Amino acid sequence: MVTKISEAAMIAKLGIEVYIVKAATVHSLRALNGEIRGKIPDDWLGTAIRFSG
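Residue numbering for the sequence shown follows the UniProt record's numbering, beginning at 1 and increasing consecutively.
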């Protein structure tokens, strides 16, 4: 998991939002559809990594 987060942080530095979620779930579908851009729902199960700089 540490490697995934490190890689995601490198991608986020490029300005790309990264979502780490379990495959084949409602949460992954919502992430792929762009439904969680800008706001994370209360029932979110996953990790969102964004660059804030």
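No residue lacks a Cβ here, since even glycine has one placed at the ideal position from N, Cα and C.
Values in this document were obtained by computation on a predicted structure and should not be read as measured data.
Using the Cα positions of Ser28 and Leu14, report the straight-line distance between them to the nearest angstrom.
Taking the sequence shown and counting its residues from 1, the one referred to as residue 28 is at position 28. Taking the sequence shown and counting its residues from 1, the one referred to as residue 14 is at position 14. Near 22 Å, if we compare the C-alpha coordinates of Leu14 and Ser28.
How should Val26 be labelled, buried or exposed, when 16 other C-beta atoms within 10 angstroms of its C-beta is the threshold for buried?
Working through the sequence shown from its first residue, we reach residue 26 at position 26. Its Cβ having fewer than 16 others within 10 Å, Val26 is exposed.
Cβ-based burial, Ala23 [other Cβ within 10 Å; buried from 16]
Translated into the one-based positions of the sequence shown, residue 23 becomes position 23. Counting Cβ neighbours within 10 Å, Ala23 comes out exposed, since fewer than 16 surround it.
Taking the alpha-carbon positions, what's the Tyr19 to Ala31 distance?
Position 19 of the sequence shown, counting from 1, holds the residue named residue 19. Position 31 of the sequence shown, counting from 1, holds the residue named residue 31. One C-alpha to the other measures close to 7 Å.
Given a cut-off of 7 Å on the beta-carbon distance, is the pair Arg50 and Ala12 in contact?
Here the question's residue 50 lines up with position 50 in the sequence shown. Here the question's residue 12 lines up with position 12 in the sequence shown. Closer than 7 Å, so yes.
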